[in-house]
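Novice:
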Amino acid sequence: MIYDKLENLNTYTALHPNLAIASQFLTGVAEESTLISGKNPILENQVFLMKQMNKLTSKASSAFEYHQCYADLHIVTEGAERISYGSGRINSIKEFDETNDFGLVSCSEQVSFDLKPGYFLLFFPNEAHQPGKISVGGNLVKKQVVKILI
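Numbering of the sequence shown is given in my numbering, commencing with residue 25 and proceeding in unit increments.
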């Protein structure tokens, strides 16, 4: 997991070629309004961006998502969102779905981050994370999640 300022994203591009492609795309997007709501292909199914407007919740949950093939690059463009990283003892809640690259686990430990515009959170495959929680500034957030095949 990496939490940093968005302006530093290119510092991490040597970690994987697809991360470099995602960073280059994000640098080249002049305005968010050029993106459509939903899936925006960048490099076929290897790198794509999901533009979202999400309603956040304050409801407690023990479920953390994880992926085995894709890294998730979370970027908030308006509002703020609390996202947690899960670790420690991990127990399966929902069997992993290979077709959708999605599984749910519970974690005995967590660290939370308030993601605001100008910052990013990058979760690598098999890193448990829990987006969608209310942070400061209301219960709606506009965001982008870039899915990066690793």
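Even glycine gets a Cβ: it sits at the ideal position worked out from N, Cα and C.
Predicted, not measured: the structure shown is a model, and the values here were computed from it.
Along the beta strand (DSSP E) that carries residue 64, what are the first and last residues, could you check?
Specialist: Here the beta strand (DSSP E) through residue 64 covers 62-67.
Novice: Taking the CB atoms as reference points, tell me whether residue 173 and residue 71 lie closer together than 9 Å.
Specialist: Yes, the pair counts as a contact, with Cβ atoms nearer than the cut-off.
Novice: Between the alpha carbons of residue 178 and residue 35, how many angstroms are there, rounded?
Specialist: Outside the modelled stretch of the chain, which goes from 25 to 174, sits residue 178, for which no answer is possible.
Novice: For residue 26, tell me which candidate among 161, 149 and 125 has the shortest Cα-Cα distance.
Specialist: Of 161, 149 and 125, the residue nearest in Cα terms is 149.
Novice: Identify which residue in 60, 55, 156 and 122 has its Cα closest to the Cα of residue 88.
Specialist: Out of 60, 55, 156 and 122, 156 has the C-alpha closest to the C-alpha of residue 88.
Novice: Which partner residues does residue 167 have in the DSSP bridge list?
Specialist: Residue 167 is bridged to 76 and 100.
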